[in-house]
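Notes for the one structure printed next.
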Amino acid sequence: MHNQRFADYYKAQNIVPDDEWDQLMDAFRRPLPTTFRITGSRDIAHTLGNTIQEIYVPTLNNLVFEGETIPPPTNIPWYPDDLAWQFNVSKKVLRRSPEFKKFHSFLVHETDVGNISRQEAVSMLPPLFMDVQPHHKVIDLCAAPGSKTAQLLEALHADDTSTSTSIPPGLLIANDSDSRRSHLLIHQSARLPSPAFMVTNLDASIYPVLKLPSCPHDNRRAVKKTSSQLLFDRILCDVPCSGDGTLRKNLGIWKRWQPMDGNGLHSLQTRILQRAMRMLAPDGRIVYSTCSLNPVENEAVVAAALNSNLGMFELVDVSKQLPELIRRSGLTTWSPTIDRNVNTSFGSYDAYIRSLPEDKRADTKLLETHWPPSNTEDMYLERCMRIYPHLQDTGGFFVAVFERKASHKSSNLAHVPKRVAEDSDTASHAPETKKVRLETSTQIEVAKDNIAISRVDTDTMVANPITTDGKQETIEQSQGQMTETAHGNSTLADPSFKEMPHTFLQPNDPALLTCINQLNLAPSFPSSTVLVRNPAGEPVRSFYLTNSLVKSVVQANDYTRMRLMASGTKVITKQEAARGTDAQYRVLGEGLPVVLPYIKPETIMHADFGALKVLLQSYYPLCTSFVEPFRSEMEARGPGSHVARFIAGMSSDTTLSRDLVLPLWKSNVSVSLMIDKKAKSALSLRLFGEDLTVAAREQGRKKKLAGPGAEAATADEPRNLEDDRDRENDENSVDGDAEFHE
Ligand SMILES: C[S@@+](CC[C@H](N)C(=O)[O-])C[C@H]1O[C@@H](n2cnc3c(N)ncnc32)[C@H](O)[C@@H]1O
Numbered sequence: 001m002h003n004q005r006f007a008d009y010y011k012a013q014n015i016v017p018d019d020e021w022d023q024l025m026d027a028f029r030r031p032l033p034t035t036f037r038i039t040g041s042r043d044i045a046h047t048l049g050n051t052i053q054e055i056y057v058p059t060l061n062n063l064v065f066e067g068e069t070i071p072p073p074t075n076i077p078w079y080p081d082d083l084a085w086q087f088n089v090s091k092k093v094l095r096r097s098p099e100f101k102k103f104h105s106f107l108v109h110e111t112d113v114g115n116i117s118r119q120e121a122v123s124m125l126p127p128l129f130m131d132v133q134p135h136h137k138v139i140d141l142c143a144a145p146g147s148k149t150a151q152l153l154e155a156l157h158a159d160d161t162s163t164s165t166s167i168p169p170g171l172l173i174a175n176d177s178d179s180r181r182s183h184l185l186i187h188q189s190a191r192l193p194s195p196a197f198m199v200t201n202l203d204a205s206i207y208p209v210l211k212l213p214s215c216p217h218d219n220r221r222a223v224k225k226t227s228s229q230l231l232f233d234r235i236l237c238d239v240p241c242s243g244d245g246t247l248r249k250n251l252g253i254w255k256r257w258q259p260m261d262g263n264g265l266h267s268l269q270t271r272i273l274q275r276a277m278r279m280l281a282p283d284g285r286i287v288y289s290t291c292s293l294n295p296v297e298n299e300a301v302v303a304a305a306l307n308s309n310l311g312m313f314e315l316v317d318v319s320k321q322l323p324e325l326i327r328r329s330g331l332t333t334w335s336p337t338i339d340r341n342v343n344t345s346f347g348s349y350d351a352y353i354r355s356l357p358e359d360k361r362a363d364t365k366l367l368e369t370h371w372p373p374s375n376t377e378d379m380y381l382e383r384c385m386r387i388y389p390h391l392q393d394t395g396g397f398f399v400a401v402f403e404r405k406a407s408h409k410s411s412n413l414a415h416v417p418k419r420v421a422e423d424s425d426t427a428s429h430a431p432e433t434k435k436v437r438l439e440t441s442t443q444i445e446v447a448k449d450n451i452a453i454s455r456v457d458t459d460t461m462v463a464n465p466i467t468t469d470g471k472q473e474t475i476e477q478s479q480g481q482m483t484e485t486a487h488g489n490s491t492l493a494d495p496s497f498k499e500m501p502h503t504f505l506q507p508n509d510p511a512l513l514t515c516i517n518q519l520n521l522a523p524s525f526p527s528s529t530v531l532v533r534n535p536a537g538e539p540v541r542s543f544y545l546t547n548s549l550v551k552s553v554v555q556a557n558d559y560t561r562m563r564l565m566a567s568g569t570k571v572i573t574k575q576e577a578a579r580g581t582d583a584q585y586r587v588l589g590e591g592l593p594v595v596l597p598y599i600k601p602e603t604i605m606h607a608d609f610g611a612l613k614v615l616l617q618s619y620y621p622l623c624t625s626f627v628e629p630f631r632s633e634m635e636a637r638g639p640g641s642h643v644a645r646f647i648a649g650m651s652s653d654t655t656l657s658r659d660l661v662l663p664l665w666k667s668n669v670s671v672s673l674m675i676d677k678k679a680k681s682a683l684s685l686r687l688f689g690e691d692l693t694v695a696a697r698e699q700g701r702k703k704k705l706a707g708p709g710a711e712a713a714t715a716d717e718p719r720n721l722e723d724d725r726d727r728e729n730d731e732n733s734v735d736g737d738a739e740f741h742e
């Protein structure tokens with residue numbers, strides 16, 4: 001494992017002192033520990049953390065395997081509340097040690113149901129520096145496959161309890177320019193269903209201005225008739241990068257790495273960060289991160305973005321945050337290479353340009369911003385964080401945190417003199433002005449559709465929140481447009497976008513009223529924020545729930561221009577009934593925590609562990625299989641959707657530390673637990689120490705029939721972690737967070 005160019009390039013950058021170089025390279029050659037994070041609301045997370053600490057760690061402590069002492073899993077010291085873990089054992093140990101096999105099986109099942117996320121330790125860092133609160137408007141600009149999005153969503157949902165999801169007042173937009181990967185975001189987020197969540201599929205460097213009605217809930221005519229730009233309190237730019245910080249697990253990088261990789265990404269990275277700066281609320285915060293060591297993708301991007309908004313933003317000193325995290329300061333000088341041979345001899349862009357024949361100068365792909373600017377000392381680049389593998393046995397990573405300077409915080413930039421905006425846009429340091437112009441023209445295009453553009457000049461469009469004074473657009477007109485948008489505008493901004501529109505139902509929609517009645521939902525159920533996914537707004541099958549802010553954003557913006565893939569979370573579905581009988585609505589398993597606070601308490605049945613065991617052990621147990629009083633209660637209920645609360649406590653074979661609320665479906669004589677197979681297995685394993693489910697028994701039977709050779713293919717067997725890594729390399733982000741198994 002050696003790449004001479006890598007060594008030459010990074011030695012030239014002085015990323016570590018000479019006497020640390022060998023330690024750095026040795027660390028890069030060692031396998032990366034397996035790391036994971038306990039997800040979900042604090043309550044569940046702590047229960048699971050205790051299970052690991054009190055049940056698994058003692059069995060893995062002082063483990064000797066083939067004469068060697070195996071280290072047990074340990075907490076990642078800097079991660080808050082002991083919710084992140086790491087262990088470093090070989091495949092052989094994982095396969096053959098019964099104790100580790102059991103631990104791995106537990107991890108696989110909990111990952112399947114979303115309680116655990118396998119994530120590289122360093123990849124957990126950026127969200128921790130964002131300090132997201134439930135009321136924040138947050139955007140994750142390069143979000144797929146979504147491990148950091150999940151952390152942001154958890155922070156937005158800090159008020160959730162173990163059984164019910166809060167409806168935070170803020171929102172999180174997860175965006176990715178790759179549509180296949182955007183679908184991953186929807187899939188991932190199903191693990192933490194949120195009415196405050198949206199997914200878009202856009203190029204972050206030209207992310208359009210999103211409009212927000214100033215008074216979304218007030219329809220009075222007298223209310224000020226304005227609309228404003230949606231500005232974000234927190235923005236994550238976890239940009240595409242060369243990914244050489246992931247060398248420890250993406251072993252192919254050793255062979256393919258070449259020094260120009262980062263040069264080619266610098267411009268896109270800078271434009272994404274610049275775009276984020278334009279979208280930031282006055283008191284907001286941006287976190288910029290890469291899993292690359294290359295200063296051209298890191299400090300050079302930070303410097304270029306600061307210079308293109310001269311004097312408006314500053315790097316935040318976060319050295320006191322996460323005190324146990326060992327980090328190095330950002331570089332204040334670096335030497336870009338001009339070719340594959342690691343020629344870093346040009347001290348400045350000017351010197352490089354002068355070295356080229358005159359007729360070749362226009363062809364160069366290198367920009368002035370690849371080099372350190374002359375004003376680096378004013379930027380405090382040392383406030384950026386560099387994480388190296390030898391410091392605490394992780395991958396390599398880079399994080400920078402930005403806020404507006406105090407002098408630019410108090411207003412919404414409306415007071416920024418126009419001259420400053422012009423200067424900053426045309427600053428000599430700005431990379432690729434052609435692309436910046438593209439950004440501007442896109443925004444104007446958005447504005448043309450949304451507001452009267454004639455009186456908005458390009459500078460204010462870019463730098464300021466959009467406002468109209470009502471003379472040119474009345475609130476009724478604006479709402480007219482919203483309704484049209486919500487019901488599938490015939491003049492779509494991007495007709496090539498094939499996703500279904502997001503159409504809000506009227507609270508008195510007959511189907512919605514039937515559903516509320518059938519499910520016995522309280523009057524407080526937020527029926528005004530229920531949407532369906534079809535152009536006509538027909539309540540055909542599934543109901544999604546959003547919060548009011550998401551509703552405002554959906555209604556105020558053309559969904560095709562936003563390339564809006566998802567908004568809110570699916571909570572209820574219609575179960576077609578036999579001819580002549582009414583369709584039945586049922587709460588989805590993943591939607592139950594969201595709907596639970598609105599289900600009238602008297603509707604919820606109380607049940608015990610015995611009933612739960614029966615429900616896990618067969619698909620459709622007869623009502624007569626249960627003991628009293630659950631049996632009579634179940635028999636007395638009509639067919640359809642029901643909810644059972646399994647009360648915390650102890651039985652002879654298990655302990656439930658917190659109440660568990662689960663959806664049931666009753667047909668005439670039998671009952672079924674309405675959660676998927678994987679969730680059932682995880683629950684069974686967590687509660688009863690073994691997988692009692694039908695699926696597991698069937699799998700066991702098949703395994704027996706197939707003979708001993710088939711063993712390795714069963715779901716409960718520890719997978720080959722090498723295979724996991726291969727998959728990560730192929731499918732996931734360059735910083736490669738992944739499942740424990742496929
Ligand atoms: C480093 S990965 C992000 C990893 C992600 N934040 C996570 O933690 O799971 C970079 C992502 O940026 C996306 N991307 C690339 N160019 C983009 C662009 N111009 N706009 C938005 N996303 C982009 C890629 O598809 C990729 O998913």
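Take the sequence shown: its letter number 218 is residue 218 in full-length UniProt numbering, and every next letter is one higher. The beta carbon of each residue, even a glycine, is placed where N, CA and C say it ideally should be.
Tell me which residue opens and which closes the beta strand (DSSP E) that residue i is part of.
i    : result
V399 : 397-404
T569 : 569-575
C237 : 232-238
By the three-class DSSP mapping on this structure, what secondary structure does residue i have?
i           : result
R340        : coil
residue 744 : One cannot answer for residue 744 here, as it falls past the ends of the chain, which runs 1 to 742.
K498        : coil
P213        : strand
Y598        : helix
Out of the options, state which residue places its alpha-carbon closest to the alpha-carbon of residue i.
i    : options                : result
D159 : V594, T51, T111        : V594
E324 : Q699, H46, D82, T603   : D82
R191 : T161, T569, P495       : T569
F397 : I604, L664, E297, V532 : E297
P208 : R275, N62, T51         : R275
L210 : G610, T560, L692       : T560
P213 : K11, N115, K551, M565  : K551
T149 : L660, V199, Y9, H104   : V199
D608 : P621, Q575, L660       : L660
Buried or exposed: which applies to residue i, given that a residue is buried once 16 or more other Cβ atoms fall within 10 Å of its Cβ?
i    : result
S194 : buried
E1   : Per the sequence shown, the amino acid found at residue 1 is Met instead of Glu. The residue in question, M1, is exposed, as its Cβ has fewer than 16 Cβ neighbours within 10 Å.
G480 : Any reading at G480 needs caution, since the residue's pLDDT is 30, under 50, leaving its predicted position unreliable; the model's value is listed next. G480 is exposed by the Cβ-count criterion.
Q477 : Residue placement at Q477 is poorly supported in this model, since its pLDDT is 29, which falls under 50; the coordinates still yield a value, given next. Exposed: under 16 other Cβ atoms inside 10 Å.
D425 : Note that D425 scores a pLDDT of 35, beneath 50, so its modelled location is shaky; the value from the coordinates is reported in the next line. Label assigned to D425: buried.
R697 : exposed
S641 : buried
A406 : exposed
D469 : Only weak support is given to the placement of D469: the predicted model assigns it a pLDDT of 27, under 50, and the value that follows is read from those uncertain coordinates. D469 should be labelled exposed.
Does the beta-carbon of residue i, which I'm using as the reference point, lie nearer than 7 angstroms to any heavy atom of ligand 1?
i    : result
G146 : yes
S177 : yes
R561 : no
G37  : With the sequence shown as reference, residue 37 is identified as Arg, and Gly is not the correct amino acid for it. Every heavy atom of ligand 1 is 7 angstroms or more from the Cβ of R37, so no.
V643 : no
L141 : yes
A204 : yes
S407 : no
G244 : Reading the sequence as shown, one finds Asp at residue 244 and not Gly. Result no, Cβ not under 7 angstroms from ligand 1.
T199 : Here the sequence assigns Val to residue 199, which means Thr is not the residue at that position. No - ligand 1 has no heavy atom lying nearer than 7 angstroms to the Cβ of V199.
C237 : no
Please determine whether the Cβ atom of residue i lies at a distance below 7 angstroms from any heavy atom of ligand 3.
i    : result
N294 : Of the ligands one can find in the structure shown, namely ligand 1, none is ligand 3.
Counting along the chain, where does the alpha helix (DSSP H) carrying residue i start and finish?
i    : result
S289 : That residue, S289, is in no alpha helix (DSSP H); its beta strand (DSSP E) goes 280-290.
M198 : Where M198 is concerned, there is no enclosing alpha helix (DSSP H), although the beta strand (DSSP E) it sits in stretches over 197-200.
H642 : Note, H642: premise wrong, no alpha helix (DSSP H); beta strand (DSSP E) at 640-646.
A511 : 510-518
Y9   : 4-13
K148 : 147-156
E299 : 299-308
R37  : Unbroken run through R37 is the beta strand (DSSP E), 34-38; no alpha helix (DSSP H).
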